[in-house]
Amino acid sequence: MNILLIGSGGREHAMACRIAGSNRCSTLFVAPGNAGTAHVDGCRNVNVDPMDFEALRQVVLENDVKMVVVGPEAPLVGGVADYFAASADLRDVMVIGPGREGAQLEGSKDFAKRFMQRHNIPTAAYRSFTADQAQEAAVFLSTLKAPYVLKADGLAAGKGVLIIDSLEEAQRELRAMLQGKFGQASAKVVVEQYLEGVELSVFVLTDGKHYKILPTAKDYKRIGEGDTGLNTGGMGSVSPVHFADKRFMQKVEERIVAPTVRGLSRDGIGYKGFIFAGLMAVTDKATGEMDPYVIEYNVRMGDPETESVFPRITSDVVELFEHTWRGTLHQVDLTVDQRAAACVMMVAGGYPEHYVKGKQITGVEDVKESMVFHAGTSRGTDGSLLTAGGRVLCVTSLSESVPAALLKSYQELAKISWEDCYFRRDIGQDLLKMMI
Ligand SMILES: Nc1ncnc2c1ncn2[C@@H]1O[C@H](COP(=O)(O)OP(=O)(O)OP(=O)(O)O)[C@@H](O)[C@H]1O
Ligand SMILES: [Mg+2]
Numbered sequence: 000m001n002i003l004l005i006g007s008g009g010r011e012h013a014m015a016c017r018i019a020g021s022n023r024c025s026t027l028f029v030a031p032g033n034a035g036t037a038h039v040d041g042c043r044n045v046n047v048d049p050m051d052f053e054a055l056r057q058v059v060l061e062n063d064v065k066m067v068v069v070g071p072e073a074p075l076v077g078g079v080a081d082y083f084a085a086s087a088d089l090r091d092v093m094v095i096g097p098g099r100e101g102a103q104l105e106g107s108k109d110f111a112k113r114f115m116q117r118h119n120i121p122t123a124a125y126r127s128f129t130a131d132q133a134q135e136a137a138v139f140l141s142t143l144k145a146p147y148v149l150k151a152d153g154l155a156a157g158k159g160v161l162i163i164d165s166l167e168e169a170q171r172e173l174r175a176m177l178q179g180k181f182g183q184a185s186a187k188v189v190v191e192q193y194l195e196g197v198e199l200s201v202f203v204l205t206d207g208k209h210y211k212i213l214p215t216a217k218d219y220k221r222i223g224e225g226d227t228g229l230n231t232g233g234m235g236s237v238s239p240v241h242f243a244d245k246r247f248m249q250k251v252e253e254r255i256v257a258p259t260v261r262g263l264s265r266d267g268i269g270y271k272g273f274i275f276a277g278l279m280a281v282t283d284k285a286t287g288e289m290d291p292y293v294i295e296y297n298v299r300m301g302d303p304e305t306e307s308v309f310p311r312i313t314s315d316v317v318e319l320f321e322h323t324w325r326g327t328l329h330q331v332d333l334t335v336d337q338r339a340a341a342c343v344m345m346v347a348g349g350y351p352e353h354y355v356k357g358k359q360i361t362g363v364e365d366v367k368e369s370m371v372f373h374a375g376t377s378r379g380t381d382g383s384l385l386t387a388g389g390r391v392l393c394v395t396s397l398s399e400s401v402p403a404a405l406l407k408s409y410q411e412l413a414k415i416s417w418e419d420c421y422f423r424r425d426i427g428q429d430l431l432k433m434m435i
């Protein structure tokens with residue numbers, strides 16, 4: 000069958016390799032794709048905006064596409080799955096990604112918190128406020144302990160969450176948010192308790208009733224080493240997360256995954272796609288055990304976690320997606336490569352603030368032992384590979400352990416360069432310290 004994958008980042012390149020690698024896939028179209036997906040066997044980029052649903056419809060009809068896999072959250076929160084379900088000539092197209100209602104798990108932090116409360120899913124204590132409750136919000140904030148966590152309700156491209164140490168500054172920022180600092184996204188603000196712990200990402204593929212828990216991963220959002228500086232789209236990831244052992248994952252499944260899938264079905268929300276639970280593993284002072292709490296839900300795979308997770312999936316992902324659409328996920332097994340994966344992102348100097356595009360990239364063809372996933376690249380008229388974004392490309396390696404996979408990625412990554420490129424040299428180091 001012909002398949003359409005929506006998106007253009009490193010996540011989509013990693014997914015494209017697995018989807019196009021399936022013998023169930025004839026041609027994989029990627030909208031809009033990048034210079035990396037353009038070179039995957041059986042793949043063709045189509046220059047279409049992921050938010051232009053009418054244009055996506057044309058691609059599907061003109062190319063007899065039977066399945067659509069949605070990479071990023073914006074088209075999902077925008078209702079692309081509902082658009083397909085509502086069109087007579089698209090209704091039978093298998094769409095992997097939730098409808099507008101299910102996508103609220105990511106599209107609205109307040110919706111997600113009320114959902115977790117309703118279904119007794121562990122998360123930080125919180126209250127939500129709108130501008131007419133600014134006074135009440137300020138009082139509530141003063142009852143909490145520092146650091147103060149303020150979240151814009153709507154999508155804010157990963158920039159809508161502020162963690163502030165001083166109450167005074169938090170009060171100021173809260174007022175600014177309610178007055179529209181993040182536009183409509185902060186017309187409502189979630190104020191929640193700070194959770195002290197270690198973060199990890201858990202990915203679930205669900206058909207709305209059954210689910211598969213994919214390999215765990217951890218990503219590194221900050222630009223600076225030691226998790227310092229501004230938040231980015233992600234500077235690297237590793238998989239698996241060693242402390243997410245059998246006992247911990249049992250808690251994750253019982254307290255979070257099963258209640259989430261059950262909760263969606265109880266609320267009458269159809270959901271076929273990925274659920275990405277951003278978790279905080281908090282050590283219980285009494286028992287010394289780690290307990291999982293949900294920091295947030297995303298309704299798509301993470302980036303750059305996908306670049307570590309998808310290379311470890313050995314099942315036929317197209318078969319998994321078919322069962323997801325048909326509601327028969329319990330009838331297929333998920334198999335995973337037991338080797339570990341490590342992904343290190345290379346970015347343009349100055350990212351996430353001001354950076355320059357169009358720099359010539361050299362050395363990618365010399366990388367033999369690892370995978371190179373493109374995030375922001377293009378081809379020059381002479382065919383040379385050029386930087387075309389803040390996050391440019393990442394190097395992912397598989398090996399017998401996370402430390403070994405990291406070593407391999409850094410060795411291979413050293414072959415690649417362009418003027419003013421930057422990468423963090425400490426991806427995964429925090430976990431390595433915990434392992435000692
Ligand atoms: N309650 C909390 N306690 C401690 N840290 C928190 C809390 N909530 C959020 N954070 C931190 O802020 C980061 C961003 O928060 P969150 O994941 O909710 O926002 P987001 O903008 O949706 O992020 P993403 O772009 O990863 O989807 C988290 O990865 C975590 O590091
Ligand atoms: Mg999020």
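Read in numbering that gives the first Met the number 0, the sequence shown has 326 at position 327, and its numbers run on one by one without any break.
For glycine and all other residues, C-beta sits at the position ideal for the given N, C-alpha and C.
Between the alpha carbons of residue 22 and residue 147 lies a gap of roughly 50 angstroms. For residue 175, the shortest separation between its Cβ and any heavy atom of ligand 1 does not lie below 8 angstroms.
Counting along the chain, residue 402 sits inside the alpha helix (DSSP H) bounded by residues 401 to 412. Residue burial annotation: residue 70 is buried, with at least 16 other C-beta atoms found within 10 angstroms of its C-beta. Of the heavy atoms belonging to ligand 2, at least one sits nearer than 8 angstroms to the Cβ of residue 277. Under the rule that a run must span 3 or more residues, the beta strand (DSSP E) segments found entirely inside the segment 116 to 165 read 125 to 129, 147 to 151 and 160 to 163. By the neighbour-count criterion, in which a residue is buried when 16 or more other Cβ atoms sit within 10 angstroms of its Cβ, residue 141 is exposed. When the five nearest sequence neighbours on each side are left out, the beta carbons in the same chain lying within less than 7 angstroms of the beta carbon of residue 16 are those of 39, in order along the chain.
In the displayed model, residue 79 falls within a helix according to three-state DSSP. Taking non-hydrogen atoms of ligand 2 into account, the C-beta of residue 191 is found less than 8 angstroms away from none of them. For residue 264, the uninterrupted alpha helix (DSSP H) run begins and ends at 257 to 265, by DSSP. Pairing residue 11 with residue 5, the inter-Cα distance amounts to about 8 angstroms. Under the 8 angstroms Cβ criterion, the segment 336 to 352 counts as touching the segment 402 to 420, having at least three qualifying pairs. Of the candidates 421, 360, 275 and 389, the residue whose Cα lies closest to the Cα of residue 104 is 275. Taking a C-beta distance under 9 angstroms as the contact criterion, residue 308 and residue 214 qualify as a contact pair. A direct Cα-to-Cα measurement between residue 412 and residue 46 gives close to 29 angstroms.
Assignment of residue 213 by DSSP, reduced to helix, strand and coil, places it in the coil class.
Taking the Cα positions, residue 236 is about 29 angstroms away from residue 188. Counting along the chain, residue 298 sits inside no alpha helix (DSSP H), nor does DSSP assign it H or E at all. Pairing residue 177 with residue 338, the inter-Cα distance amounts to about 47 angstroms.
DSSP, reduced to helix, strand and coil, places residue 247 within a helical segment of the structure shown. In this structure, the C-beta of residue 198 stays at least 8 angstroms away from each heavy atom of ligand 2. The DSSP assignment places complete alpha helix (DSSP H) segments of no fewer than 4 residues inside the segment 279 to 362 at 305 to 308 and 316 to 325, in order along the chain.
A distance criterion of 8 angstroms places the beta-carbon of residue 148 in contact range of ligand 1, judged by its closest non-hydrogen atom. Burial is judged here by how many other beta carbons sit within 10 angstroms of a residue's own beta carbon; residue 157 has fewer than 16 and is exposed. For residue 160, the Cβ falls inside the 8 angstroms cut-off from some heavy atom of ligand 1. Pairing residue 204 with residue 328, the inter-Cα distance amounts to about 9 angstroms.
The beta carbon of residue 90 sits closer than 8 angstroms to those of 83 and 84, all from its chain and outside the five residues before and after it, given in chain order. Residue 405 and residue 395 have their C-alpha atoms spaced approximately 8 angstroms apart. When the alpha-carbon of residue 97 is set against those of 342, 399, 360 and 272, the nearest one is in 272. Here the distance from the Cβ of residue 9 to the nearest heavy atom of ligand 2 is not below 8 angstroms. Of the heavy atoms belonging to ligand 2, none sits nearer than 8 angstroms to the Cβ of residue 362. In terms of Cβ geometry, residue 256 and residue 101 do not form a close pair [threshold 9 angstroms]. The bridge partners DSSP lists for residue 1 are 64. Residue side-chain check: residue 172 keeps its Cβ at 8 angstroms or more from all non-hydrogen atoms of ligand 2.
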